[in-house]
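Visitor: First residue of the sequence shown? That's 1 in UniProt numbering, and the numbers climb one at a time after it. I have a structure I would like to understand better, so I am pasting it below and will then ask my questions one at a time.
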Amino acid sequence: MDSPPEQKKLKMSSTTSDDDETPATVAGDAPAESEMTKKKRYKRRKIAIFLAYSGHGYQGMQKNPGAKTIEGDLEEALYLSGAVPESDRSTPRRYDWARSARTDKGVSAAGQVVSGRFYVDPEPEGFAARLNSHLPSQIRVFGFKRVTGSFNAKKFCDRRRYVYLLPLFALDLTVHRDRESVAAAVGSENELSRCVECSERGRKAPGVMGRWAEPAAAIEISAVSIEEETGSKERRRFCYGEEVKERFNRVLGLYVGTHNFHNFTSRTKAEDPAARRYIVSFTADSVVVVEGTEFVRCEVVGQSFMLHQIRKMVGLAVAVMRNCAPESLIETALRKDVNITVPTAPEVGLYLEECLFSSYNQKWKDSHEALSMETYTEQAEEFKMEHIYSYIVSMEQKEGAVGLWLHSLNHRNYPDFRFGESNVDCISGDCIQIPNADIIDDNTQIMKNCTSGDDTQIENNNSSGEQKQIENDCSSVGHAEVENKSG
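Set out below in structure tokens:
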């Protein structure tokens, strides 16, 4: 007679009942059964965890093999605190792990939300204390809230609110007007260009206190840079008055709505449906003073954002405010058929303010607590002042990241800033005609002859009814020039 089949051992998975219990033991310990029964037993619950972190020294939020990430440290703390069993360690999908927002390298958060099934204390404060004991000071868990079994922090998040703290001097047209002063301070024009290139590629720019500078030179450069950025005592104090505020909000408002943001990221093509994003609002209504330095608080709310999108939106808006680019360039950059290079503002001033769950809160308001940062407002403000704001100020004082970046906003580094100033613009080998009734008249001839990267230049100078057309044959370089001049 055959023996009965051997009973399979049950494995812990994301489908485990919320009523399952486990002893709260520290990872690595293996106490005897008699000792385990004396310990507290916690139930496995589906929860949403509210936390904040400073992005300094991290390669972003999302876990990435070989990189130091916020998620990596958080997952390890969950295991060490007993919230995740040994069988689920390093396997987030087994406990339904999800994040509301994926912040980039160096970007901080004051209201991040993650979800999953964890063994938790009855009181949120106890669970948060256990987690924080295994986390560095720049990552802080505020608490948790019970959610439905189907809850997913990413899918149920309706909108994300980000804030970019822009130094007020960035809007002052009387400072950072020339490259030569910074080039002389840094050492050479090539050195400055290298700093700009590093910043554009997303790497840390050496800045005015870079590792290539000599100590004595670094002190001198730092003094010059800080004086320029904050303004000398003799210089008039720049204020964020109503006129500047109104114009800045009008410029930022051009992003509101559903647009194609392929020019505001580096990995998405115009034809990709993912390039279309919905911006709910973009405002800059208040000034924050941190350690004597004034910052304009730029707040943007959207359904979701792509890599570097917010930093590029801020970067182009600042270029417009400093009259480096025409205001119409923003609307042009949002066109699907146009490819242009958009400046990227430094990452240090950006942080995730809050994740919003409006639809979820409305649907489950009678059975579950609303998911919002209101409960943790005081803790979040303290964390921002101690870890986020202070770091932003220190980075600007030490490296002058924004000050150096402002010097790069010119036609030399961004030739596309001239886009729209002429009747025909050739970008990335494509000729795009932009009719303008105020510029183009009956005597204007527009020739489109851009093939294989050829450039077409048109100059209109009609001071009389006569028109002279000069056509130069395309050379091997591939240039065709057409000039319309009066006789």
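Virtual Cβ for every residue (Gly too), placed ideally from N, Cα, C.
Whole angstroms are fine: how far does the CA of G149 sit from the CA of R94?
Guide: Start at 1 with the first residue of the sequence shown, and residue 94 comes out as number 94. Start at 1 with the first residue of the sequence shown, and residue 149 comes out as number 149. R94 and G149: Cα-Cα distance of roughly 14 Å.
Visitor: Identify whether N132 lies in helix, strand or coil by the three-state DSSP scheme.
Guide: Working through the sequence shown from its first residue, we reach residue 132 at position 132. Three-state DSSP puts N132 in a helix.
Visitor: Taking the beta strand (DSSP E) that N260 belongs to, which residues open and close that run?
Guide: The residue you call residue 260 lines up with position 260 of the sequence shown. Note, N260: beta strand (DSSP E), G257 to N260.
Visitor: Can you tell me which of the three DSSP states L173 falls into?
Guide: Position 173 of the sequence shown holds residue 173. Reduced to three states, the DSSP call for L173 is coil.
Visitor: If you reduce the DSSP assignment to three classes, tell me which class P167 lands in.
Guide: Reading the sequence shown from its first residue, position 167 is the one you call residue 167. Here P167 sits in strand by DSSP.
Visitor: Is Q362 buried or exposed, if buried means 16 or more other CB atoms sit within 10 Å of its CB?
Guide: Your numbering for residue 362 matches position 362 in the sequence shown. So Q362 ends up on the exposed side.
Visitor: Comparing C-alpha positions only, which one of K105, S408, A101 and G72 sits nearest to R89?
Guide: Taking the sequence shown and counting its residues from 1, the one referred to as residue 89 is at position 89. Closest by alpha carbon: G72.
Visitor: Starting from L352, trace the beta strand (DSSP E) both ways and give me its first and last residue.
Guide: Counting from 1 along the sequence shown, the entry for residue 352 is found at position 352. It spans L350 to L356 - the beta strand (DSSP E) in which L352 sits, taken as one unbroken run.
Visitor: For S137, which option in L409, V402 and E382 has the closest C-alpha, if you only look at C-alpha atoms?
Guide: As a working note, residue 137 is residue 137 in the sequence shown. The shortest C-alpha separation from S137 is found at E382.
Visitor: By DSSP, does S390 sit in helix, in strand, or in coil?
Guide: As a position in the sequence shown, residue 390 is number 390, starting the count at 1. It is helical.
Visitor: With burial defined as no fewer than 16 other Cβ atoms inside 10 Å of the residue's Cβ, what is the status of H308: buried or exposed?
Guide: Position 308 of the sequence shown, counted from the first residue, corresponds to residue 308. Its Cβ being crowded by 16 or more others within 10 Å, H308 is buried.
Visitor: For M306, which residues from the same chain have a beta carbon less than 8 Å from its beta carbon, with the 5 sequence-adjacent residues on both sides left out?
Guide: The count along the sequence shown starts at 1 and reaches residue 306 at position 306. Answer for M306: F261, F264, T265, R267, T268, A274, A275 and R277, listed in chain order.
Visitor: Please identify the residue among G253, D172 and D285 whose C-alpha is closest to the C-alpha of R237.
Guide: The sequence position of residue 237 within the sequence shown is 237, counting from 1. That would be D172, whose Cα lies nearest to the Cα of R237.
Visitor: Residue range of the beta strand (DSSP E) that E299 falls in?
Guide: Reading the sequence shown from its first residue, position 299 is the one you call residue 299. T293 to G302 is the span of the beta strand (DSSP E), which, as asked, contains E299.
Visitor: Nearest-angstrom Cα distance between V175 and S390?
Guide: Walking along the sequence shown from the start, residue 175 turns up at place 175. Walking along the sequence shown from the start, residue 390 turns up at place 390. Roughly 23 Å between the two C-alpha positions.
Visitor: Out of R160, A77 and A128, which has the shortest C-alpha to C-alpha gap to V280?
Guide: Here residue 280 refers to the residue found at position 280 of the sequence shown. Per the Cα distances, R160.
Visitor: In this structure, how does DSSP classify V288 when only helix, strand and coil are distinguished?
Guide: Taking the sequence shown and counting its residues from 1, the one referred to as residue 288 is at position 288. Of the three classes helix, strand and coil, the one that applies to V288 here is strand, per DSSP.
Visitor: Mapping the DSSP letters down to three states, classify V113 as helix, strand or coil.
Guide: Taking the sequence shown and counting its residues from 1, the one referred to as residue 113 is at position 113. Correct three-state label for V113: strand.
Visitor: Inspect the CB distances between the region 99-114 and the region 345-358 and report whether three or more fall short of 8 Å.
Guide: Touching, yes.
Visitor: State the start and end residues of the unbroken alpha helix (DSSP H) segment that holds K312.
Guide: The residue you call residue 312 lines up with position 312 of the sequence shown. Unbroken alpha helix (DSSP H) run through K312: Q309 to M321.
Visitor: How should P92 be labelled, buried or exposed, when 16 other C-beta atoms within 10 angstroms of its C-beta is the threshold for buried?
Guide: Within the sequence shown, numbered from 1, the residue matching residue 92 stands at position 92. Flag for P92 reads buried.
Visitor: So for I139, helix, strand or coil by DSSP?
Guide: What you label residue 139 is simply residue 139 of the sequence shown in a count that begins at 1. Residue state, collapsed to three classes: strand.
Visitor: Starting from W97, trace the alpha helix (DSSP H) in both directions and tell me its first and last residue.
Guide: What you label residue 97 is simply residue 97 of the sequence shown in a count that begins at 1. Here W97 belongs to no alpha helix (DSSP H), and DSSP marks it neither H nor E.
Visitor: Specify, as a first and last residue, the run of the alpha helix (DSSP H) that K336 falls within.
Guide: The residue labelled residue 336 in the question sits at position 336 within the sequence shown. Careful: K336 lies outside any alpha helix (DSSP H) and carries neither H nor E.
Visitor: Taking the alpha-carbon positions, what's the R102 to Q59 distance?
Guide: Walking along the sequence shown from the start, residue 102 turns up at place 102. Walking along the sequence shown from the start, residue 59 turns up at place 59. Rounded to whole angstroms, R102 to Q59 spans 11 Å at the Cα level.
Visitor: On the DSSP bridge list, what partners appear for S108?
Guide: The residue given as residue 108 occupies position 108 in the sequence shown. In the DSSP output, where bridge partners are listed per residue, S108 has Y351.
Visitor: Under 8 Å, Cβ to Cβ, is there at least one residue of chain C near V290?
Guide: Protein chains in the displayed structure number just one, and chain C is not present.
Visitor: In the DSSP assignment, find the unbroken alpha helix (DSSP H) run with K245 in it and report its ends.
Guide: Within the sequence shown, residue 245 is the residue found at index 245, counting from 1. Segment E242 to G253, the alpha helix (DSSP H) holding K245.
Visitor: DSSP puts R276 in a beta bridge; with which residues?
Guide: Here residue 276 refers to the residue found at position 276 when the sequence shown is read from its first residue. R276 is bridged to N260.
Visitor: So for N410, helix, strand or coil by DSSP?
Guide: Sequence index remark: in the sequence shown, residue 410 carries index 410 (1-based). N410 falls in the coil class under three-state DSSP.
Visitor: Taking all protein chains shown into account, do 16 or more other C-beta atoms lie within 10 angstroms of the C-beta of G241, making it buried, or fewer, making it exposed?
Guide: Here residue 241 refers to the residue found at position 241 when the sequence shown is read from its first residue. The residue in question, G241, is exposed, as its Cβ has fewer than 16 Cβ neighbours within 10 Å.
Visitor: Using only the alpha-carbon positions, how far apart do D455 and V244 sit?
Guide: Looking up residue 455 in the sequence shown gives position 455. Looking up residue 244 in the sequence shown gives position 244. In this prediction, D455 has a pLDDT of 40, which is less than 50 and means its spatial position is unreliable; nothing more can be read from the coordinates.
Visitor: In three-state DSSP terms, what is V147?
Guide: Mapped onto the sequence shown, residue 147 falls at position 147. Coil.
Visitor: Is the region 123-132 touching the region 141-156 in the sense that three or more CB pairs, one from each, lie closer than 8 Å?
Guide: The region 141-156, when compared against the region 123-132, does touch it at the 8 Å Cβ threshold.
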